[in-house]
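Taking our numbering, I'd label the letters of the sequence shown as residues 31 to 399. In this text, a Cβ means the ideal position worked out from N, Cα and C, and glycines have one as well. Structure record follows, encoded as structure tokens.
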Amino acid sequence: MSFTKINHFEHEYLDHHHDSALQVTEGVEDQPVVNPYLKRRKKRQLTTDEYVAGILEGNITILSQAITLIESSNPTHYAQAQEIIERCLPYAGKSIRIGITGVPGAGKSTWIEAVGNMVTRLRHKLAVLAIDPSSERSGGSILGDKTRMTTITTNPDIFVRPSPSAGSLGGVARKTRETIVLCEAAGYDVIFIETVGVGQSETAVHSMVDMFLMLQISGAGDDLQGIKRGIMEMADMMVITKADGENIHKAELARVQYQGALRLFPTPESGHRPEVYCCSSVAGTGLEEVWKGVEEYIDHIQANGYFRHNRNRQNKYWMYETINEALKASFFHNPEIEPLIEEMEQRVLEEKTSSFTAAHELLDKYFKR
31 MSFTKINHFE HEYLDHHHDS ALQVTEGVED QPVVNPYLKR RKKRQLTTDE
81 YVAGILEGNI TILSQAITLI ESSNPTHYAQ AQEIIERCLP YAGKSIRIGI
131 TGVPGAGKST WIEAVGNMVT RLRHKLAVLA IDPSSERSGG SILGDKTRMT
181 TITTNPDIFV RPSPSAGSLG GVARKTRETI VLCEAAGYDV IFIETVGVGQ
231 SETAVHSMVD MFLMLQISGA GDDLQGIKRG IMEMADMMVI TKADGENIHK
281 AELARVQYQG ALRLFPTPES GHRPEVYCCS SVAGTGLEEV WKGVEEYIDH
331 IQANGYFRHN RNRQNKYWMY ETINEALKAS FFHNPEIEPL IEEMEQRVLE
381 EKTSSFTAAH ELLDKYFKR
């Protein structure tokens, strides 16, 4: 029953009972949720020159805005985003790119926080690109890494950028590679890319970094269950985390097991056999040894030419990936194809045609064959 109806009945009651001591106070109309006097000011869109100048000066506000522009799915932002990337390219490529993966609960965020603060004390500038998984149902993402990594978010030499995976392969944000270019142009010489966890599609991260680092924990069942050939072969280094307190012995045992397993694999193309380290992000032990191992690996691949070879191969790979993405977008947004997709989908569901026939009919229409 609404307020107005209640008010009406109460007035009827009082009309028939003039001697009643009851009094009815008139209600107040619902107030607007938003202040009607609030004037929204539209933020001025920066020019490409302003974006590039701000990035090269290391202005993190403008850097963040440029990354948002790159991640935007709005077609009107695409041309400007590509121009910004092109103009930043000559200033990029001078960083160490490290992909960080690991089983859920391995302490990736805690490890990045501990190592990140140590790296900046060595006069490095660090950019952390943390990929948060997007919900398959709602498409939303909590972007919680800034909440977990409290100390490095206040460190002026560390830039943290959480991005939604947006359903892309391996939890890698769709525009992570372009974001790396902007961060390098802004003066960050160490880039961490944190993935959402272990999976076969971690290949996408591997294709944009110089070093792939895998975090593992001990004491979580059979330690050798983590040894999956695909993901293990991609790892350039392994780190057993949470090696503190009563877990030190278990961590050391796991280190020996993983080291032995890695020696069964053929020598990697880089010519450097992966090493396994133990550390504790909370106690701060073993972190310097891990970073020393990172430096030794980078020095090794730079000396034997694999560093440049790997970068060139990645550039070629991403050229083809960009072509694939552009073709896919062109197909699904084609005005002649869009209305037919739902019709073909329905025919497949009703088993009037096969999936392959429907796909080929759509492709024939697209290519006008």
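Between the CA atoms of residue j and residue i - distance to the nearest angstrom
i, j, result
"Glu375", "His363", "16 Å"
"Arg151", "Gly88", "19 Å"
"Lys398", "Gln112", "30 Å"
"Thr78", "Cys213", "16 Å"
"Ala122", "Val211", "5 Å"
"Thr140", "Ser125", "22 Å"
"Gln289", "Gly323", "14 Å"
"Thr315", "Val149", "14 Å"
"Ser103", "Ala359", "11 Å"
"Ala284", "Arg293", "14 Å"
"His302", "Tyr327", "7 Å"
Simplified DSSP state of residue i, which is helix, strand or coil
i, result
"Ser311", "coil"
"Asn104", "coil"
"Leu156", "strand"
"Ser360", "helix"
"Ser193", "strand"
"Glu380", "coil"
"Lys398", "coil"
"Glu40", "Note that Glu40 scores a pLDDT of 49, beneath 50, so its modelled location is shaky; the value from the coordinates is reported in the next line. Helix, per DSSP."
Contact under 8 Å by Cβ, residue i with residue j
i, j, result
"Val235", "Thr131", "yes"
"Phe242", "Met268", "no"
"Asn147", "Thr98", "no"
"Lys138", "Glu232", "no"
Which listed residue (the options) has its alpha carbon closest to that of residue i
i, options, result
"Glu472", "Ala388, Pro365, Ser360, Ala359", "The requested residue 472 is not part of the displayed model; the chain covers only 31 to 399."
"Thr206", "Asp240, His279, Glu232, Ile161", "Ile161"
"Cys309", "Leu294, Glu325, Pro296, Ala281", "Ala281"
"Ile92", "Ser311, Ala216, Ile188, Pro369", "Ala216"
"Ala157", "Arg377, Val220, Leu119, Ile114", "Val220"
"Ser193", "Gln332, Glu318, Ile371, Ile100", "Ile100"
"Ile367", "Asn342, Lys395, Ile90, Gly335", "Lys395"
Residue i - containing beta strand (DSSP E), residue span
i, result
"Arg127", "126-132"
"Leu245", "241-246"
"Glu325", "Element bounds for Glu325: not the beta strand (DSSP E) but the alpha helix (DSSP H), 317-333."
"Ile223", "220-224"
Boundaries (first-last residue) of the alpha helix (DSSP H) holding residue i
i, result
"Met267", "Note, Met267: premise wrong, no alpha helix (DSSP H); beta strand (DSSP E) at 267-270."
"Gly137", "First-last for Gly137: undefined, no H or E at that position."
"Gly84", "78-86"
"Arg285", "278-292"
"His236", "233-236"
"Arg207", "206-215"
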